[in-house]
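> Pasting in a structure now, in structure tokens, and then I'll have a few things to ask.
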Amino acid sequence: ALKILKMPPNKIAVLRGTCDLIGSQLTNHNFIGNTARTISKRYGFKEISTPILESTELFTRTLGSDSDVLQKEMYTFHDFSGNSISLRPENTAGVVRAFIDKSSKEGLPQKYFYCGPMFRYERPQKGRSRQFHQIGVEVIGDSNPLSDVEVIKLASSILS
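The opening position of the sequence shown corresponds to residue 5 in our numbering, with each subsequent residue numbered one higher.
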């Protein structure tokens with residue numbers, strides 16, 4: 005038998021700086037992500053999905069131990085084994101880690117697309133949230149300025 009729990013009089017609200025996506029908000033959110041995914045694929049970008057949790061050391065190495073993101077904005081904790089773990093504040097470091105770990109034998113350049121939640125402890129205000137969704141691309145191993153032009157054209161295509 006299914007037992008239905010009643011919400012207590014002091015209900016638990018969504019955490020400050022986060023939001024639930026339901027109804028038309030979720031429909032719009034999915035439309036944007038799917039549009040970016042489709043257009044990125046046309047430009048030859050492969051989708052990549054990295055963990056939301058990463059070793060804190062990954063961000064210490066890439067952002068620098070003095071960065072504001074590392075010092076003031078990352079959600080960091082120790083797991084039961086004592087490892088320092090962080091919710092990803094950005095995804096470039098994770099994409100490069102995954103490339104080195106899994107794809108570096110595929111040759112260069114490699115072009116990746118990602119879409120997902122990121123986390124930063126910021127004072128919530130209009131346009132800033134503690135959990136936010138980010139669309140991004142990374143081109144690894146191509147120093148030709150035309151790669152930058154391609155990324156700008158891709159962004160323009162997604163936004164139009």
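Backbone N, C-alpha and C fix where the C-beta goes; we use that ideal spot for every residue, glycine too.
Select from 140, 48, 163 and 14 the residue whose C-alpha is nearest the C-alpha of residue 100.
140
> Cutting at 6 angstroms between CB atoms, please list the residues of its own chain near residue 148, excluding the five before and the five after it.
none
> Classify residue 20 as buried or exposed, calling it buried when 16 or more other Cβ atoms lie within 10 Å of its own Cβ.
exposed
> Using 8 angstroms as the cut-off, can you tell me whether the region 14-32 makes contact with the region 42-49, which would need three or more C-beta pairs spanning the two stretches below that distance?
no
> Using a Cβ cut-off of 9 angstroms (strictly closer), state whether residue 114 contacts chain B.
The question asks about chain B, but that chain is absent: this structure has only one protein chain.
> Need the endpoints of the alpha helix (DSSP H) that residue 45 sits in, please.
For residue 45, the enclosing alpha helix (DSSP H) stretches over residues 28-46.
> Is the CB-CB distance between residue 104 and residue 60 below 9 angstroms?
no
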